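What follows is a set of notes on a single structure, which appears directly below.
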Ligand code: HEM
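Numbering (the working numbering), first residue to last: 6 to 297.
So, in structure tokens, the structure goes:
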């Protein structure tokens, strides 16, 4: 997509988002008439109340599996990282040469806004999932409220991120080579693999994080505003919970890659540049393009 069209699209989204949020701010901050905590109690009773049909399945899933699956997934991925640290470890990247502009100030601002809000959603979501063990009550219900409001606002940075990096995240033929070698993450040797501005792993993370976040936004919105039938709300809750586990595990994977495996990554998301040698090695197809 051409830069002026992209800029216009992003500006349009920012303006529409701001207008919608300003107009809706009253409703946003008080999702339903009356006392929020009373309403929340009513919501919980309604959603598990009908024991004759899906109410039972829903409650069984919620009580029996959600906490276990979430807990196992988090512990499982942390164990995998520990094994990887021992067996393979960090990748030392070639550094040096000119500084190549990589992430614009706007890119970085939107990324950090998404990072902050999605991390806050993950933390408050985890507290809600394990709230039973944390004393429950007003503390957990207050976090649920914060989770709902932050969730609604998060659609803006994530929506913009989807537009601003979509073009660089389209899969290309050479991504198959990268994928067939698992990006080199499973071996100690460090051979260059073909990649554009993003490698195939980054592209997968991009599509997964943005699309899943938007589905979570929609299902979360349905629950926060009671905007569906009882069975609709149950379905929304199930979809929301399952995708939450997927997103949480993928987010931990993203953190492991950028904070541990490739130490120069963080610098590029803070300063906006990568060194020429790194680009030549990690993003060879992009390097060929800017060189020609
Ligand atoms: C506090 C948490 C986070 C940290 C510390 C972090 C850090 C980073 C860093 C350092 C990069 C640059 C990678 C490179 O070019 O080498 C990056 C890229 C990126 N981040 Fe994050 N990030 C965080 C959370 C998130 C979240 C929540 C999302 C999505 C909702 C996200 C989406 C992306 C995407 C799509 C990219 C570009 C592709 C990639 O490099 O994987 N990040 N992040």
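Glycine included, C-beta positions come from ideal geometry on N, C-alpha and C. No experiment lies behind these values; they were computed from the predicted model shown.
Terminal residues of the beta strand (DSSP E) in which residue i lies
i           : result
residue 105 : 104–106
Other residues of its chain near residue i: CB distance less than 8 Å, five sequence neighbours each side excluded
i           : result
residue 291 : 200, 201, 202 and 284
residue 93  : 190, 191, 192 and 193
residue 263 : 270, 271 and 274
residue 18  : 161, 164, 165 and 168
residue 139 : 132 and 145
residue 266 : 95, 96 and 190
residue 182 : 198 and 199
residue 159 : 119, 122, 123, 126, 218 and 222
residue 363 : With the chain represented from 6 up to 297, any question about residue 363 goes unanswered, as that position is not in the structure.
residue 78  : 250, 253 and 254
residue 102 : 280, 281, 282 and 285
residue 141 : none
residue 115 : 162, 165, 166 and 169
Enclosing alpha helix (DSSP H) for residue i [first to last residue]
i           : result
residue 279 : Per DSSP, residue 279 belongs to no alpha helix (DSSP H); it is in the beta strand (DSSP E), 278–280.
residue 233 : Unbroken run through residue 233: none, as it is neither H nor E.
residue 204 : Counting along the chain, residue 204 falls outside any alpha helix (DSSP H), and DSSP gives it neither H nor E.
residue 110 : 110–134
residue 72  : 72–92
residue 290 : 289–296
residue 66  : Per DSSP, residue 66 belongs to no alpha helix (DSSP H) and is neither H nor E.
residue 157 : 142–171
residue 182 : 180–185
Cutoff 6 Å; reference residue i; Cβ partners in own chain excluding five residues on either side
i           : result
residue 56  : Interpretation of residue 56 is limited by its pLDDT of 47, a score under 50 that renders its predicted location unreliable; no figure is taken from the coordinates.
residue 252 : 217
residue 9   : none
residue 98  : 269 and 283
residue 82  : 254 and 257
residue 184 : 205
residue 224 : 241, 244 and 245
residue 136 : 145
Own chain partners of residue i with C-beta closer than 7 Å, once the 5 adjacent residues on each side are dropped
i           : result
residue 211 : 170, 174 and 203
residue 179 : 199 and 290
residue 186 : 198
residue 300 : Any question about residue 300 goes unanswered here, given that the chain covers just 6 to 297.
residue 104 : 278 and 280
residue 134 : 71, 72 and 75
The segment 134–149 contacting the segment 171–183, beta-carbon criterion three pairs below 8 Å = Not touching, per the Cβ criterion.
Do three or more CB pairs link the segment 231–239 to the segment 107–119 at distances below 8 Å?
-> The segment 231–239 makes no contact with the segment 107–119; the number of CB pairs closer than 8 Å stays below 3.
For the segment 70–79 against the segment 240–255, are there 3 or more C-beta pairs whose distance is under 8 Å?
-> Taking 8 Å as the limit for Cβ pairs, the verdict is that the segment 240–255 does touch the segment 70–79.
Counting Cβ pairs closer than 8 Å, one from the segment 153–163 and one from the segment 116–133, do we hit at least three?
-> Judged by Cβ distances under 8 Å, the segment 153–163 makes contact with the segment 116–133, as three or more pairs qualify.
Looking at C-beta atoms only, is the number of pairs between the segment 254–262 and the segment 76–87 that lie closer than 8 Å three or more?
-> Enough Cβ pairs lie closer than 8 Å, so yes.
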